[in-house]
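Enquirer: The sequence shown lines up with residues 1 to 257 when you count with UniProt numbering. Below you'll find the structure I mean.
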Amino acid sequence: MPAETVFAAELSWPDYDAKVRDGSVPILVPIGSMEQHGHHMPMHVDVLLPVEFARRAASSVGALVAPPFTYGYKSHQKSGGGNHLPGTTSLDGATLVAALRDVIKEFARHGVRKICLVNGHFENSWFIVEGIDLALRELRWGGVDDMKIVVLSYWDFVDKQTIARLYPDGFTGWDLEHGGVLETSLMLALYPHLVNVDRAVDHAPASFPPYDVYPPKPKWTPKSGTLSSPKEASKEKGEILLDICTRGIIEALKAEF
């Protein structure tokens, strides 16, 4: 007999149906992107990390993990380096909103009434909210008014004490952490074979003016594609982050579901 799985797509349809049709089992949907993450990491970091956090949480709260969204909204220069960089492959906001709306409505059709969208890409945030809003509105029109949706980004569970511990020389903010200590440390803890620390570029945090320009000016983005240095990343820091974020996500899901 195959081992029990938390991944919805690995189930046969009758087994999936038996689990979700009464609405008691939450569905966790990882939402990522295909985006450059410097010279030292692959472009699907924003998919790998939310999938793993969802997997760990699902095991504790009796949930299922849906297939991830592997494309996300356009990389912003001040938080992801910019959509002009090679490899970064993005969706228009309307496309992401429509896809999220459709998927939420489909899960509702299956009987699902509890959904958590686990975000791994900063720029997705407001489009996730819009997709939810449209889906809930249309579901209410169809008589479904008992759906509950939680949205979370794993980095929001890193508390001030942990930040001080991991960034003894000062924390530049989550917007400049693209490809930096946080993501590199998590990847070293989870997927070290996908990280080439010898190629990591050590540089000062990116400095941007207090406004945006379109089309973006490539010279504003560090040539590495990262917005802060990953040099202080480590597997040990990744393990700390895994523990803090996983516990926070589980607590949130238990509180809301």
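Every residue, glycine too, gets a C-beta built ideally from N, C-alpha and C.
Looking at residue 96: is its Cβ nearer than 8 Å to the Cβ of residue 66?
Expert: no
Enquirer: By a C-beta neighbour count over all protein chains shown, 10 Å radius and 16 as the cutoff for buried, is residue 196 buried or exposed?
Expert: exposed
Enquirer: Do the region 203-223 and the region 144-164 make contact, defined as three or more Cβ pairs closer than 8 Å?
Expert: no
Enquirer: When we look at the beta-carbon of residue 159 and count the other beta-carbons within 10 Å, is it buried (16 or more) or exposed?
Expert: exposed
Enquirer: Measuring straight from C-alpha to C-alpha, what distance separates residue 145 and residue 101?
Expert: Approximately 15 Å between the Cα atoms of the pair.
Enquirer: Between the C-alpha atoms of residue 122 and residue 240, what's the straight-line distance to the nearest angstrom?
Expert: When rounded, the separation of the alpha-carbon atoms in residue 122 and residue 240 is 21 Å.
Enquirer: Note the first and the last residue of the continuous alpha helix (DSSP H) segment covering residue 20.
Expert: 13-20
Enquirer: May I ask which residues mark the beginning and end of the beta strand (DSSP E) holding residue 148?
Expert: According to the DSSP assignment, residue 148 belongs to the beta strand (DSSP E) that extends over 148-153.
Enquirer: Could you say which of 167, 115, 168, 128 lies nearest to residue 150 if we only look at CA atoms?
Expert: 115
Enquirer: In the structure shown, what three-state DSSP assignment does residue 42 receive?
Expert: coil
Enquirer: Pick from 183, 56, 248, 125: whose alpha carbon is nearest that of residue 45?
Expert: The shortest Cα separation from residue 45 among 183, 56, 248, 125 belongs to 183.
Enquirer: With DSSP as the reference, please indicate the residues paired to residue 119 in a beta bridge.
Expert: 31, 153
Enquirer: Three-state secondary structure (DSSP) at residue 256?
Expert: helix
Enquirer: Have a look at residue 254 and residue 124 and give me their C-alpha separation to the nearest angstrom.
Expert: If you take the alpha carbons of residue 254 and residue 124, they lie about 24 Å apart.
Enquirer: With a Cβ-Cβ cutoff of 8 Å, do residue 129 and residue 31 count as a contact?
Expert: no
Enquirer: By the 10 Å Cβ neighbour count, where 16 or more other Cβ atoms means buried, how is residue 54 classified, buried or exposed?
Expert: The residue in question, residue 54, is buried, as its Cβ has 16 or more Cβ neighbours within 10 Å.
Enquirer: If you run the structure through DSSP and keep just helix, strand and coil, what is residue 235?
Expert: helix
Enquirer: Sort 209, 188, 185, 176 by Cα distance to residue 203 and report the nearest one.
Expert: 176
Enquirer: Please go through the region 157-224 and give each complete alpha helix (DSSP H) segment of 4 or more residues, from N-terminal end onward.
Expert: 160-166, 181-190
Enquirer: Name the two residues that bound the continuous alpha helix (DSSP H) containing residue 110.
Expert: 93-110
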